[in-house]
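Colleague: FYI, in numbering that gives the first Met the number 0 the residues of the sequence shown are 0 to 551.
I have a structure I would like to understand better, so I am pasting it below and will then ask my questions one at a time.
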Amino acid sequence: MEFAAFADRAAEIEAESADLEIVDLVTDLFLTAGDDLATVARFVQGRVFPAHDSTTLDIGPSLCYAAIARAAGRNVSAEDVEDRVAETGEIGAVAASYGFGGQQGLGAFGGDGEGGADPLTVGEVDARLRELAAAAGEGSQDRKLDVLFGLFNRCDPDEARYLARIVLSEMRIGVGEGTVRDAVAGAFDVPVEAVERALQVTNDYGLVAEIARDEGESGLAAQHLEVGRPVQAMLAQAGSVTDALEDWDAAAVETKFDGARVQVHYDGETVWLFSRNMEDVTDALPELVTFVEESLTVPAILDGEAVAVDDDGNPQPFQEILKRFRRKHDVAKAREEVAVELDAFDCLHADGEDLLDAPLTERHDRLVSVLDAGIAELRVTDDPDEIADIETTALEAGHEGIMLKDPDSTYSPGRRGRNWLKRKPDVETLDLVVTGAEWGEGRRAELLGTFEVSVRTDDGYATVGNVATGITDEELADLTDLLDAHVRAEDGKTVDIDPTVVFEVGYEEIQPSPTYDSGWALRFPRFVGVRDDKEPADADALDRLERLAAEQ
Ligand code: AMP
């Protein structure tokens, strides 16, 4: 396909604003792309490489301006081009505003003097841009400039417009991933779901377009995960324990690690590590490579979190791990400063078998069977107290919180669905007066364990719930010391306490309830801290509780 024909189509698409019309135009484009279909399917999104490929052209705006200036002629400097971009705000319009062509000299005909007079083809542009991406080392910027100049020098205005945009990854003609997906389905008469699925496993619009055309639905269905080729990470939404237990029979609860997402690929010999954006970060994390080589027993694709740890293995803030991910040079030095560990929580592929469609619990079992260490613990429970305990333990250990997952859910790459919930932190807390407590059991018999909390009313206090979670052993001892002095009466394990101490209490919801004097109950109340600065008279009153309940 001639690049001019591609540019014409791109201009038509850009001029169209209706989504369906855009899909139709892209469909036509695909039907006429011939041998260049794969490249066209990428170019139309402003991509040269597939989404799973970390290769970049590595051409900054200034190199692009310099190439345009050179193709525009003697009187134009890179600064002039930059000024025009500043005025119009758009590189494509600026590239189209110069009359190119006819500049002689090194690289005038595509960088090597070949084929200069012929019209540019999509294939040739693609080949040249790949050549550019591969240029490295001394003199590579000059070589890139030569090649780019050679291309611009042969462009008419529309070609220049879209070449410049592809080069700077700023296509912006209104073609998103969904458009390409729908156009592939429409052009080659295959179900959208089949295209979507093949895209999920391959992350290559070019490949999927070709397979849809040449092999149809069965070809798409035959696409599998490939070790070494990253997939998009499954994403989470914010949600509550209430959401999880209402929607599912039980929740799979895991620690939410405060690090950076990492996808581990291992073919039995080579290890690849990819970031959340599918960037290859293998070289930055040599200790994870070694860890995987030593601990993973079969070829596999795992999902997990890379966490920075101190000498004792305690998690460090997430900024620390980013320092490691971004590091390209002096990796050994960075490694001395920040050590990294893997917490794996999913298994997408093991020993030749794709597991995306297997339920989470099965994938987790598989993870346990193929990895010797570094596995995030997963507990399936429908007991809110147990979930709260897991959360307390996770927070105490310095982690971010917990994830709640549907135990039966499949792995959907790139989706931010309701199957994975990151538990929302409590939004508003209440300051409540402690009016009673209960002695603990067993190991905790000497400690007060459950605390009855109340709101202020016009003539005293009214209970709203019992707080038993979110409290560490150490805090329990302190609270027992603090409250013991105020015990008014004891009846077996239950004690009445003079209203003196104020707790800050988090919760998920306020519900009407006949159980407590206030007529309300807190759903999943948890201890946040003692409000040393508050007297019972400063605690929250019933009317605030009622207002918060009404606002939910
Ligand atoms: P957020 O970045 O706040 O949207 O939270 C989602 C991120 O939490 C994921 O992309 C992971 O990087 C991270 N994460 C930490 N622990 C887990 C876990 N157990 N399961 C899934 N994601 C996790």
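In this text, a Cβ means the ideal position worked out from N, Cα and C, and glycines have one as well.
For N465, count neighbouring C-beta atoms within 10 Å of its own C-beta (all shown protein chains included) and say buried if the count is 16 or more, exposed if not.
Modeller: When all chains shown are included, N465 counts as buried.
Colleague: Buried or exposed: where does G109 fall if 16 or more other Cβ atoms within 10 Å of its Cβ makes it buried?
Modeller: Reliability fails at G109, whose pLDDT of 45 lies under 50, so the model's placement of it is uncertain and the value that follows must be treated cautiously. Looking at its Cβ environment, which holds 16 or more other Cβ atoms inside 10 Å, G109 is buried.
Colleague: Which same chain residues, not among the five before or five after Y64, have their C-beta less than 6 Å away from its C-beta?
Modeller: Here the set comprises A77, V80, E81.
Colleague: Do the segment 445-452 and the segment 461-475 touch if we need at least three Cβ pairs shorter than 8 Å?
Modeller: Touching, yes, given that three or more Cβ pairs across the two stretches are closer than 8 Å.
Colleague: Quick check on this structure: which residue in V433, R443, G413, L354 has the alpha carbon closest to the alpha carbon of D407?
Modeller: D407 has its Cα closest to that of L354, out of V433, R443, G413, L354.
Colleague: Answer yes or no: do L431 and A538 have a C-beta to C-beta separation smaller than 8 Å?
Modeller: A contact, by the Cβ cut-off of 8 Å.
Colleague: With a threshold of 7 Å, establish whether the CB of F256 neighbours any heavy atom of ligand 1.
Modeller: Yes, the Cβ of F256 comes within 7 Å of a heavy atom of ligand 1.
Colleague: Contact between the segment 339-348 and the segment 371-384: three or more CB pairs below 8 Å?
Modeller: As far as the Cβ criterion goes, the segment 339-348 touches the segment 371-384, which means the pair count is three or higher.
Colleague: Pick helix, strand or coil for Q236, following the three-state DSSP scheme.
Modeller: In the structure shown, Q236 sits in a strand (DSSP, three-state: E or B).
Colleague: Comparing C-alpha positions only, which one of P314, R164, E440 sits nearest to A305?
Modeller: Ranking P314, R164, E440 by Cα distance to A305 puts P314 first.
Colleague: Please determine, among Q44, E89, T54, R46, the residue with the shortest C-alpha to C-alpha distance to P60.
Modeller: Looking at the Cα atoms, E89 is the closest of the given residues.
Colleague: For E395, which option in L403, E473, V183 has the closest C-alpha, if you only look at C-alpha atoms?
Modeller: Ranking L403, E473, V183 by Cα distance to E395 puts E473 first.
Colleague: Looking only at its own chain, which residues have a Cβ that is under 8 Å from the Cβ of L547, when we skip the five neighbours before and after it?
Modeller: Same-chain partners within the cutoff: E427, L429, I509.
Colleague: Would DSSP call L272 helix, strand or coil?
Modeller: Residue state, collapsed to three classes: strand.
Colleague: With contact counted as at least three CB pairs below 8 Å, one residue from each stretch, are the segment 151-167 and the segment 190-201 in contact?
Modeller: At 8 Å Cβ cutoff, the stretches do not touch.
Colleague: At a cut-off of 7 Å, is K421 close to ligand 1 when judged by its beta-carbon and the heavy atoms of the ligand?
Modeller: It does: the Cβ of K421 is within 7 Å (strictly closer) of some heavy atom of ligand 1.
Colleague: Is V252 helix, strand or coil by DSSP?
Modeller: The answer is strand: DSSP assigns V252 an E or B state.
Colleague: Where do the ends of the beta strand (DSSP E) carrying H264 lie?
Modeller: Looking at the DSSP string, the run of the beta strand (DSSP E) that includes H264 is 259-265.
Colleague: If you run the structure through DSSP and keep just helix, strand and coil, what is C63?
Modeller: DSSP places C63 in helix when its eight states are reduced to three.
Colleague: Alpha carbons only, please: which of A182, R522, G98 is nearest the one belonging to D157?
Modeller: D157 has its Cα closest to that of G98, out of A182, R522, G98.
Colleague: Does the beta-carbon of F2, which I'm using as the reference point, lie nearer than 7 Å to any heavy atom of ligand 1?
Modeller: F2: no, Cβ never under 7 Å from ligand 1.
Colleague: What's the call for Q318, buried or exposed, on a 16-neighbour Cβ count within 10 Å?
Modeller: Looking at its Cβ environment, which holds fewer than 16 other Cβ atoms inside 10 Å, Q318 is exposed.
Colleague: Is the distance from the Cβ of I320 to the Cβ of L224 below 8 Å?
Modeller: For I320 and L224, no; Cβs fall outside 8 Å.
Colleague: Looking at F42: is its Cβ nearer than 8 Å to the Cβ of V146?
Modeller: Result no, Cβ atoms of F42 and V146 do not sit closer than 8 Å.
Colleague: Is any heavy atom of ligand 1 found at a distance shorter than 7 Å from the C-beta of R260?
Modeller: Under cutoff, so the answer is yes.
Colleague: Between the C-alpha atoms of Q127 and E15, what's the straight-line distance to the nearest angstrom?
Modeller: According to the sequence provided, residue 127 is Arg. The question's Gln does not apply to it. Roughly 30 Å between the two C-alpha positions.
Colleague: Report yes if the C-beta of M277 is less than 7 Å from at least one heavy atom of ligand 2; otherwise report no.
Modeller: Here the bound small molecules are ligand 1; ligand 2 is not part of this structure.
Colleague: Identify which residue in T456, G435, T471, D477 has its Cα closest to the Cα of E489.
Modeller: The shortest Cα separation from E489 among T456, G435, T471, D477 belongs to G435.
Colleague: Should Q236 and L420 be called a contact, given that it needs their Cβ atoms to be closer than 8 Å?
Modeller: Yes. Within cutoff.
Colleague: With T380 and A249 assumed to form a contact (beta carbons below 8 Å), what rounded beta-carbon distance in angstroms separates them?
Modeller: With a Cβ gap of about 6 Å, T380 and A249 count as contacting.
Colleague: With DSSP as the reference, label K533 as helix, strand or coil.
Modeller: It is coil, neither helix nor strand.
Colleague: Quick check on the DSSP output: what are the complete alpha helix (DSSP H) runs of length 4 or more inside the segment 333-395, in order along the chain?
Modeller: Qualifying alpha helix (DSSP H) stretches, in chain order: 359-369, 383-395.
Colleague: Ends of the beta strand (DSSP E) at H486?
Modeller: Note that residue 486 is Val in the sequence shown here, rather than His. Start and end: 486-490.
Colleague: At a threshold of 7 Å, does A235 count as lining ligand 1 (C-beta to nearest heavy atom)?
Modeller: It does: the Cβ of A235 is within 7 Å (strictly closer) of some heavy atom of ligand 1.
Colleague: Cβ of A467 within 7 Å of any heavy atom in ligand 1?
Modeller: Checking the Cβ of A467 against ligand 1 gives no.
Colleague: Applying the criterion that 16 or more other CB atoms from any shown protein chain within 10 Å of the CB defines a buried residue, is N276 buried or exposed?
Modeller: The residue in question, N276, is exposed, as its Cβ has fewer than 16 Cβ neighbours within 10 Å.
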